[in-house]
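Top line first, the protein sequences correspond to chains A and B.
Oh and the first sequence: position 98 is 98 in my numbering, straight run, nothing missing.
Each number in my numbering comes from the position in the second sequence (counting from 1) with 1000 added on.
For reference, the structure is listed below as structure tokens.
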Amino acid sequence: MLALREYLQSYHSYPGIKIIEWKKREGMVDVPARDLPEILTYCLDMRPRPIWLTHVVNDERQLGNGFCVYLVLHFPGKDFSLTLVAKGIKDKFPTLSLIFPALNWSEREAQDLFGLQAVGHPDPRPLVLHPGWSQDFHPLCKDYKAGQDRKAFKRQPLVFPEMHGDGIFQVSVGPIHAGIIEPGHFRFYAIGEPVLHLEAQLFYTHKGVEKLLEGKSIEEGLQIIERLCGVCTVSHSLAYCEAVEKLASVEVPRQVLLWRTILAELERVYNHVGDIGNMCAGVGFALGNANGAQGKEKLQRLNSDYFGHRFLRGMVVPGGLKSIPGAKDRKDLLNRLLVLSDDFEDWIPLLQEHDGFRQRAVTAGILKTDVALDMGVTGPAARASGLANDWRELHAYLLYAELNVKSIVRQDGDAWSRLMVRVKETRESFRFLNTLLREAMQGPELDDEKLTALAGKKIRLLTPAWGCVESPKGTEVIWLMLDDEGKIYRCRIRSASYANWPAVPLTMPGNIVPDFPLINKSFELCYSCCDR
Amino acid sequence: MLSLLLRKLKIGRLTEKVRNSHLSQGSSDLPASFRQSLHIRHLACGSCNACDWEMAALSNSLYDHQHFGIDFVASPRHADLLMCTGPGSTHLLKAASETYEALPNPKWVMAVGDCAIDGGVFKGAYACEEGISRILPVDYKVPGCPPTPDDLMKALLEMMGKEVS
Ligand code: SF4
């Protein structure tokens, strides 16, 4: 990272750039907003190319910093993450989306929620706030106090691109769908069977969670963070706790790390198994769906039996864990997992060898490698398109360095590849769980006080910190800053679904409308943690 | 095919023992014809999706809602009951009331989960209501965050007047 540091230090050799912090794994650099595009271009030219973790806009006018943009990049291979900070923004900042399309949504969101202008943005339509809110409604500005504005919301028609030509028609679907799924509106522009273009209008479940978090204590915040998304509860709370623990400079004991890793892997396993089943549902392949749903149910019951919650809520707390299972439970847990892992191996061949299913999934919804890279795609979707970016491999956290995790990569980028990545990852996770639980069985019983290291620690205020965790869907990043009383000043949630959603419509052209359920499910994204 | 059959034999019956008698003995406010079969439409209204997944779990082989005469249908026009999850996000209110309007009479609404009942942890957020009852007439409530599939099954069977042991 020396080259990068030297570049930044010598950049135009003028005082605008200030290195605030440069440690082994993390750095933070102040840069003038107008230089952001050039510096980002330099960074993106580095090989291996950096990935984005999060992009945060913060209203720091009360602190005398104006509006601030924080962009956190990670440089793979070096396990180094750099935060670029542009302070003193008044009402506009230069767009970065033209250089790095992954930031497109985040900048549009800043326009909606802060009333700032991303100058030169290629698609400045509103994103998070649907048309119908009052013009000067910018809820994330500090001078906005949540009131009754929602009562004044009068739904206006959504804005979609026009498309003309012989035989072109539109199919609009949603926001309420036919199955038991979350709401979103999809508009297909089709000519005959093949789709020409797809517009996805999300943010129907937008509730204003980031604003709601402001002013809450760390513990109250955790309750909400756990409920950003049902199925990534552990990952979100781990990311949140990582940020809190960085601010408190807490070293978490090994036993806690061990059990946190176990929880994270349990979450991955039950999600992947369920997601594999859901992909089968996308093509009406009932056998695969039934087996997936069955496996998921059994894994969730196991969660509930040993950790008290089917979605593993309430286990991870800042500084530690609420409790860990006793010696006998550890053994039972392992035994039950071994049975479920055998069961998984038993039914997976049914899918792999099913010609009809294979034919539907192979070549459906191809996400090309360079598109995945530009759009900042993460998780199994990225790995199925040839990007080896499993955060468990890139960054040493929890016990993953010891487990020697390797990204499972496939090159084709189609629905089938995304399925196979999940299958292999599930297998790996069962293996990790086996190793981890064997270690846990040797471990001591811990009383509950030993499990939280946070109590009485001094916590850094008005300093940003982030946490990032590889969830079953990809990297979940939570960026946190506390105010001078230790309450949440700003909490930005960049979920894996938020990073991946913009890429989904790009995989549709050329496919037929009936393939959308399969393609959509092969990404298996949530709406809730995307819309917040 | 052979492997399939073998697997089937190995697993045996998955659906759990019916823990209720199939006869309508309990009390129910529903007209008699709805006690035999109930068609449900799901309405996600800003939920965190855990409640939705628990509802989806009802259809796995272990619960298998269909053998109680319960089914999830694709259109509100075919439904008797609207099961709502989430506190009622502002962007969805119009779609939610249109969905409710589309249900034929008689119709019932069930609020599933704490946040559908009173907003839960999302109380006070700028773009959601404090519970679905602010916009739709709620007849049944199932508390929990999320309620387990067992809770949901119990609530549905009770609603239909089937006895739950
Ligand atoms: S009640 Fe709880 S589990 Fe259900 S949607 Fe609300 S927050 Fe999620």
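Glycine is no exception: its CB is placed at the ideal position from the N, C-alpha and C atoms.
- For the C-beta of A/L212, the chain B residues within less than 8 Å are, from N- to C-terminus, F1122, G1124, A1125 and Y1126.
- Under the DSSP definition of a beta bridge, B/G1120 lacks any partner.
- Chain order gives the chain B residues near A/L350 as S1003, L1004 and R1007, where near means a beta carbon separation below 9 Å.
- Against A/L228, the close residues of chain B are C1048, in the order they occur along the chain (beta-carbon pairs closer than 7 Å).
- With the rule of 3 Cβ pairs closer than 8 Å, the stretch 212-224 of chain A does not count as touching the stretch 197-204 of chain A.
- The contact set of A/Q223 on chain B, defined by CB atoms closer than 7 Å, consists of V1121 in chain order.
- The stretch 485-498 of chain A makes contact with the stretch 518-529 of chain A; the number of CB pairs closer than 8 Å reaches 3 or more.
- A/G365 and A/R358 have their alpha carbons spaced roughly 13 Å apart.
- Assignment of A/C43 by DSSP, reduced to helix, strand and coil, places it in the helix class.
- For the stretch 181-195 of chain A, the beta-carbon criterion of a distance under 8 Å to any beta-carbon of chain B is satisfied by I181, E182 and P183.
- When the beta-carbon positions are compared, B/G1088 and B/C1045 come within less than 8 Å of each other.
- Going by C-alpha positions, A/L334 is about 12 Å away from A/L299.
- Beta bridge pairing from DSSP links B/D1071 with B/H1039.
- The residue among A/L222, A/Y42 and A/L82 with its C-alpha nearest the C-alpha of A/K23 is A/L82.
- Secondary structure in the stretch 192-268 of chain A: the alpha helix (DSSP H) runs of 4 residues or longer, each lying completely within the stretch, are 209-213, 218-225 and 233-247 in chain order.
- Sorting A/P175, A/G66 and A/D79 by C-alpha distance to the C-alpha of A/P48 places A/D79 at the top.
- Chain-ordered, the chain B residues with CB closer than 7 Å to the CB of A/D149 read Y1126.
- In the assembly as shown, A/H138 is a buried residue. Its beta-carbon has 16 or more other beta-carbons within 10 Å.
- Secondary structure at A/Q135: coil, using DSSP grouped into helix, strand and coil.
- For A/T205, the neighbours in chain B by C-beta distance under 9 Å run, in chain order, A1044, C1045, G1046, S1047, C1048, N1049, G1086, S1089, H1091, L1092 and C1128.
- With fewer than 16 other CB atoms across the displayed protein chains lying within 10 angstroms of its CB, B/N1105 is exposed.
- When the Cα atoms are used, A/F186 and A/V173 turn out to be separated by approximately 5 Å.
- Close CB contacts of B/S1059 within its chain, under the 8 Å cut and outside five residues either way in sequence, are with H1065, Q1066 and F1072 (chain order).
- Neighbours of A/I176 in chain B, taken as residues at a C-beta separation under 7 Å, are given in chain order as L1043, A1095 and T1099.
- Annotation note: the stretch 447-523 of chain A contains the following uninterrupted beta strand (DSSP E) runs of length 3 or greater, listed N- to C-terminal: 464-471, 474-482 and 488-494.
- Taking all protein chains shown into account, A/N404 has fewer than 16 neighbouring C-beta atoms within 10 Å of its C-beta and is therefore exposed.
- Spanning the alpha carbons of A/C468 and A/H74 requires a straight line of approximately 11 Å.
- Short note on B/T1085: C-beta closer than 7 Å to some heavy atom of ligand 1.
- Comparing alpha carbon positions, the residue from B/L1002, B/E1016, B/S1033 and B/K1010 closest to B/M1160 is B/S1033.
- In terms of CA proximity to A/M315, A/E219 leads the group A/L394, A/E219, A/G274 and A/L4.
- Going by beta carbons, A/T426 and A/V269 fall inside the 8 Å limit.
- DSSP lists B/H1042 and B/M1110 as the beta-bridge partner residues of B/M1083.
- Nearest to B/S1047 by alpha-carbon distance, out of B/M1083, B/E1101 and B/S1003, is B/M1083.
- When Cβ-Cβ separations below 8 Å define contact, A/F516 makes no contact with chain B.
- Residues of the stretch 1141-1157 of chain B that bring their beta carbon within less than 9 Å of a beta carbon in chain A comprise C1145, P1146, T1148 and P1149, in sequence order.
- Taking 8 Å as the cut-off, the beta carbon of A/L36 is found no closer than this to the beta carbon of A/L103.
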